[in-house]
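3 is the number of the first residue of the sequence shown in the working numbering; add one for each residue after it.
Every residue gets a Cβ at the ideal spot worked out from N, C-alpha and C, and that includes glycine.
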Amino acid sequence: MDTIIIDGMSFSLPLLIAAIGCIYCERSGIINLAIEGFMGVGAFSGALAVVLTSNIFPQGGIASFILAMTCAILGATLFSLLHALLCIKFSANQTISGITMNILAIALTTFLTKQINSSLFNKPSAKLELGITQKFTIPYLSEIPIIGAFFQEIYIFNIVIIIVAILAWYFLYYRKFGVYLRACGDNPQAVAACGIDVVKTRMYAIMISGALSGIAGISFAYSIFANFSSNIYVGYGYLSIAALIFGNWKIIPTLFACLIFGFSRSLGYSISSMLELPSTFSDIIMTLPYILTLLLLIFFSKNNKMPKALGEIYDQSKR
3 MDTIIIDGMS FSLPLLIAAI GCIYCERSGI INLAIEGFMG VGAFSGALAV VLTSNIFPQG
63 GIASFILAMT CAILGATLFS LLHALLCIKF SANQTISGIT MNILAIALTT FLTKQINSSL
123 FNKPSAKLEL GITQKFTIPY LSEIPIIGAF FQEIYIFNIV IIIVAILAWY FLYYRKFGVY
183 LRACGDNPQA VAACGIDVVK TRMYAIMISG ALSGIAGISF AYSIFANFSS NIYVGYGYLS
243 IAALIFGNWK IIPTLFACLI FGFSRSLGYS ISSMLELPST FSDIIMTLPY ILTLLLLIFF
303 SKNNKMPKAL GEIYDQSKR
């Protein structure tokens, strides 16, 4: 049980922070299917910084963690500006733009990783080896039966994600920026009539989405997977999107959806290990989060209310 809880939280929290970034973007009126691409570029940026400075900052240390986090946020935020440029400046189809961003991220990070490994380390590899960041256990609380597992073997990323998620929730619902952002997703013309810059607000929303996705990406790479490669995120961005749809574009319900996905994944791993199943059957069990996604969407998405102006190209001439 402890292993299921520990692994489940380590997987759920990065999904949550990526989903929150997508909520910011879509509540502003911009469809964002590019979460996976943002995660990949963010993780690549952070992993590259760690690898290049491994002689200065020991991998897994606090300095390495701060560097990885900072570079991941910057890299993903800069990459997200391309999505903003296509969707806002050039009024491109937002769905196609998001899918294209995912494909571009996979191709770009794979190519760059191979070139860097070949030229700097003489290794024909498409991975950047990272190890894992430090873990810690909270005394006394970790000794409580069952729930004590939530306070055992905690990655530093988990604490950062929880703090950032709380701040994101606060700013979205209790600050003026959040009110303006949510209004842009429902009635951008009315927001513009009040003197609020809709274009700038949506641009900020996409950048926030990129930054939070970068945190998610480096969290996966520098904890669960212990390396960066372009294929470790496949499907996770869409799981985050499914979680926010199930959560009706609200942060708290989205949290519960992410926990369901995370614990179903860790439960699948535990079942596979206990039964000592061959890899073929193990892969089938690991489809459990995606099966749950389909079931949740079938039963709960009918009553969802997405932002009214989601996907609509903003035209300043309309009133």
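Assigned exposure category for residue i - 16 Cβ within 10 Å defines buried
i    : result
M276 : exposed
Q96  : buried
V43  : buried
N160 : buried
L257 : buried
G197 : exposed
A192 : exposed
A213 : buried
G100 : buried
L294 : buried
P60  : exposed
L122 : exposed
I300 : exposed
Y26  : buried
A1   : The question about residue 1 has no answer, for the chain in this structure spans 3 to 321.
A311 : buried
Y172 : exposed
F248 : buried
F222 : buried
L296 : exposed
S242 : buried
L84  : buried
G239 : buried
V236 : exposed
A195 : exposed
P291 : buried
L132 : buried
I168 : exposed
T79  : buried
Per DSSP, the bridge partner or partners of residue i
i    : result
N229 : E131
I156 : F138
Per-residue DSSP class, three states only, for residue i
i    : result
I161 : helix
K137 : strand
V236 : coil
K202 : helix
T102 : helix
M71  : helix
S30  : coil
P147 : coil
R177 : coil
Y171 : Here residue 171 is Trp; the residue named in the question, Tyr, does not match the sequence. The answer is helix: DSSP assigns W171 an H, G or I state.
G197 : coil
Y224 : helix
F248 : helix
Q318 : coil
A49  : helix
L58  : Note that residue 58 corresponds to Ile in the displayed sequence, not to Leu. The answer is coil: DSSP assigns I58 none of H, G, I, E or B.
N95  : coil
G313 : coil
L35  : coil
P255 : helix
N119 : helix
T289 : coil
K125 : coil
G63  : coil
M276 : helix
N305 : helix
Whole-Å CB distance - residue i paired with residue j, under 8 Å assumed
i    : j    : result
L130 : A51  : Going by Cβ atoms, the distance from L130 to A51 rounds to 10 Å, so no, they are not a contact pair.
I286 : V166 : Between V166 and I286 the Cβ distance is about 35 Å, and since that is not below 8 Å, they are no contact.
I234 : A74  : At roughly 14 Å, the Cβ-Cβ gap does not stay under 8 Å, so I234 and A74 are not in contact.
P309 : E28  : 6 Å
F81  : R267 : About 26 Å; that fails the 8 Å criterion.
I6   : L298 : Actually they do not touch by this definition, with Cβ atoms about 20 Å apart.
G10  : S215 : No, G10 and S215 are not in contact; Cβ-Cβ is about 21 Å, not under 8 Å.
A21  : A245 : 5 Å
I164 : L15  : 7 Å
T135 : Y224 : 5 Å
S47  : G77  : 3 Å
M71  : V162 : 7 Å
I108 : S211 : About 18 Å; that fails the 8 Å criterion.
N250 : K304 : The pair is not a contact, with the Cβ atoms about 11 Å apart (cut-off 8 Å).
C-beta neighbour in chain E for residue i, strict 7 Å
i    : result
L261 : Of the protein chains in the structure, only one exists, and it is not chain E.
ask   = With contact counted as at least three CB pairs below 8 Å, one residue from each stretch, are the region 178-188 and the region 29-41 in contact?
value = With the cut-off at 8 Å, the region 178-188 and the region 29-41 touch.
key: Cβ pair count under 8 Å reaching 3, the region 57-76 against the region 102-112   = Too few Cβ pairs lie closer than 8 Å, so no.
ask   = Any contact of the region 254-263 with the region 140-147, i.e. 3+ C-beta pairs under 8 Å?
value = They do not touch, by the three-pair rule.
query = Any contact of the region 197-214 with the region 86-95, i.e. 3+ C-beta pairs under 8 Å?
reply = Pairwise C-beta distances place the region 197-214 in contact with the region 86-95, as three or more of them are shorter than 8 Å.
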